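**Student:** After the structure tokens below, expect a handful of questions from me.
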Amino acid sequence: MGAWGFRSYRDLLAERFPGRRIRKLCLQAGFTCPNLDGTVARGGCAWCDNRGFAPGLATPTLEAQWERGRDALRRRHRRVDGFIAYLQSFSNTHAPLARLATLYARFPHDFPECLGLAIGTRPDCVPDAILDLIAATAQRTFTTLELGLQSDRDTVLERMNRGHTVAQFIDAVQRAATRRIELCAHVILGLPGEGLDAPERLGDLLAGLPVTSVKVHNLHVMRRTALDDLGCATPGRAAYLDACARLIGRLRPDQALQRVVADAPDAILASDGWCHDKQGALRELHGMLNPVPA
Ligand code: SF4
């Protein structure tokens with residue numbers, strides 16, 4: 000267990016890259032999402048803030064994004080010894096295989112100080128041929144596939160217009176694991192209809208799967224999203240941290256937490272802004288996971 004009372008992503012990276020401080024650098028590679036472009040659905044997940052979604056939207060080159068991202072991370076952190084390129088926006092496997100092969104082949108060599116690649120996508124967007132490509136990429140550089148599960152209940156996923164099922168997530172995880180692809184799972188705590196025991200159920204499900212790391216997202220509501228229209232209640236800080244601690248308590252000790260509190264700017268946040276005090280929330284979570292003996 001690391002300093003926070005759980006194995007953090009920083010702990011995981013420290014093992015993979017001894018003596019170096021590594022940061023993730025977000026890149027937008029110009030993909031769309033099958034849940035927005037009509038392949039699976041239109042409108043997207045209920046929480047999705049997709050105002051920036053426009054197929055073919057011009058984005059700065061990856062090189063320009065890399066330079067800007069490196070400078071920003073170096074300004075924010077005292078020490079940075081390398082970067083993991085993170086293809087985060089939308090679904091970064093939602094394209095013809097040849098386009099993906101050309102893109103993934105650029106990592107790490109085309110980007111100075113790049114030490115690996117993280118690919119964020121949906122579980123319904125990773126056919127075998129794409130997993131084979133990711134497995135081949137992982138032979139060349141440290142590679143993680145990040146798959147969104149969000150809820151372990153199909154009824155919740157359906158209500159949130161997620162466009163895939165829990166079974167599809169499990170199938171994608173198993174097909175990736177047979178190819179020895181390192182996996183990160185994304186889940187949300189606080190979704191309507193998830194049930195009081197959602198943290199334990201989610202933790203047990205993930206602990207039973209070949210998932211190396213987990214990102215937990217506190218449910219918050221962005222302005223002008225479907226969730227905002229639903230008038231959805233979100234967990235306050237105490238309720239969320241309690242749920243988060245219960246989920247973490249069910250994970251395997253080797254599973255690292257990449258994120259436990261997600262923030263959003265006030266300008267787009269419709270729900271309570273307790274998440275702005277991320278460090279305070281982390282300290283409180285640490286206290287819950289490491290109670291002082293009486
Ligand atoms: S999968 Fe991601 S990008 Fe696609 S609709 Fe859902 S939240 Fe938005």
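At position 6 of the sequence shown the residue is numbered 5 (numbering that gives the first Met the number 0), and the sequence of numbers has no breaks.
Glycine included, C-beta positions come from ideal geometry on N, C-alpha and C.
Note that this is a predicted model, so its numbers are computed, not measured.
1. Could you tell me if the beta carbon of SER90 falls within a distance shorter than 7 Å of some heavy atom in the ligand SF4?
2. Straight-line CA distance for THR154 to GLN64?
3. Could you spell out where the alpha helix (DSSP H) holding GLY248 opens and where it closes?
4. Compute the Euclidean distance between the alpha carbons of PRO107 and HIS163, then round it to the nearest angstrom.
5. Determine contact between the stretch 76-84 and the stretch 246-262, defined as no fewer than three beta-carbon pairs at a distance below 8 Å.
6. Grab the span of the alpha helix (DSSP H) containing PHE168 for me, first residue to last.
7. Name the DSSP bridge partner or partners of TYR85?
8. Taking three-plus beta-carbon pairs below 8 Å as touching, is the stretch 190-210 in contact with the stretch 261-271?
9. Looking at the structure shown, is GLU157 part of a helix, part of a strand, or coil, going by DSSP?
10. Using 8 Å as the threshold, is the C-beta distance between ILE169 and LEU116 below it?
11. Please list, in chain order, all residues of the same chain as GLN167 whose beta carbon is under 8 Å from its beta carbon, the five residues on each side excluded.
12. Using a Cβ-Cβ cutoff of less than 6 Å, which residues in the same chain neighbour PRO209 once the five nearest sequence positions on both sides are dropped?
13. For the structure I just gave you, are there three or more beta carbon pairs, one from the stretch 279-291 and one from the stretch 36-48, closer than 8 Å?
14. Could you give the distance in angstroms between the alpha-carbon of VAL213 and the alpha-carbon of ALA171?
15. Could you give the residue range of the alpha helix (DSSP H) that holds HIS285?
16. Nearest to LEU204 by CA position, among GLY189, ARG249, VAL220, is which residue?
17. Within the present structure, is the beta-carbon of ARG121 separated from the nearest heavy atom of the ligand SF4 by less than 7 Å?
18. For GLY4, which option in GLY207, CYS243, ALA293 has the closest C-alpha, if you only look at C-alpha atoms?
19. If you check the beta carbons only, do SER270 and THR211 fall under 8 Å apart?
**Tutor:** In short:
1. Along the sequence shown, one-based indexing puts residue 90 at 91. Yes, the beta carbon of SER90 sits closer than 7 Å to at least one heavy atom of the ligand SF4.
2. The residue given as residue 154 occupies position 155 in the sequence shown. The residue given as residue 64 occupies position 65 in the sequence shown. Going by C-alpha positions, THR154 is about 38 Å away from GLN64.
3. Position 249 of the sequence shown holds residue 248. Counted as a single uninterrupted DSSP element, the alpha helix (DSSP H) harbouring GLY248 occupies residues 236-249.
4. Counting from 1 along the sequence shown, the entry for residue 107 is found at position 108. Counting from 1 along the sequence shown, the entry for residue 163 is found at position 164. Each residue's alpha carbon lies about 31 Å from the other.
5. No: the two stretches stay apart, fewer than three of their Cβ pairs being nearer than 8 Å.
6. Here residue 168 corresponds to residue number 169 of the sequence shown, with the count starting at 1. From DSSP, the alpha helix (DSSP H) with PHE168 extends over 165-177.
7. Translated into the one-based positions of the sequence shown, residue 85 becomes position 86. DSSP output for TYR85 lists CYS25, ALA117 as bridge partner(s).
8. Touching, no, given that fewer than three Cβ pairs across the two stretches are closer than 8 Å.
9. Residue numbering aside, residue 157 sits at position 158 when the sequence shown is read from its first letter. DSSP, read as helix, strand or coil, puts GLU157 in helix.
10. Counting from 1 along the sequence shown, the entry for residue 169 is found at position 170. Counting from 1 along the sequence shown, the entry for residue 116 is found at position 117. Cβ distance not < 8 Å, so ILE169 and LEU116 don't count as in contact.
11. Position 168 of the sequence shown, counted from the first residue, corresponds to residue 167. Cβ within range, chain order: PRO122, ASP123.
12. The residue labelled residue 209 in the question sits at position 210 within the sequence shown. So the list reads ALA176, once near-sequence residues are dropped.
13. Here the stretch 279-291 does not lie against the stretch 36-48, with fewer than 3 beta-carbon pairs under 8 Å apart.
14. By 1-based counting over the sequence shown, the position of residue 213 is 214. By 1-based counting over the sequence shown, the position of residue 171 is 172. Cα to Cα, VAL213 sits roughly 15 Å from ALA171.
15. On the sequence shown, position 286 is the one that residue 285 refers to. Where HIS285 is concerned, the enclosing alpha helix (DSSP H) stretches over 277-288.
16. Here residue 204 refers to the residue found at position 205 when the sequence shown is read from its first residue. For the residues GLY189, ARG249, VAL220, the minimum Cα distance to LEU204 belongs to ARG249.
17. Taking the first residue of the sequence shown as position 1, residue 121 is located at position 122. Answer for ARG121: yes, Cβ within range of the ligand SF4.
18. Reading the sequence shown from its first residue, position 5 is the one you call residue 4. Cα-wise, what sits closest to GLY4 is CYS243.
19. In the sequence shown, the residue the question calls residue 270 occupies position 271. In the sequence shown, the residue the question calls residue 211 occupies position 212. Taking 8 Å as the cut-off, the beta carbon of SER270 is found no closer than this to the beta carbon of THR211.
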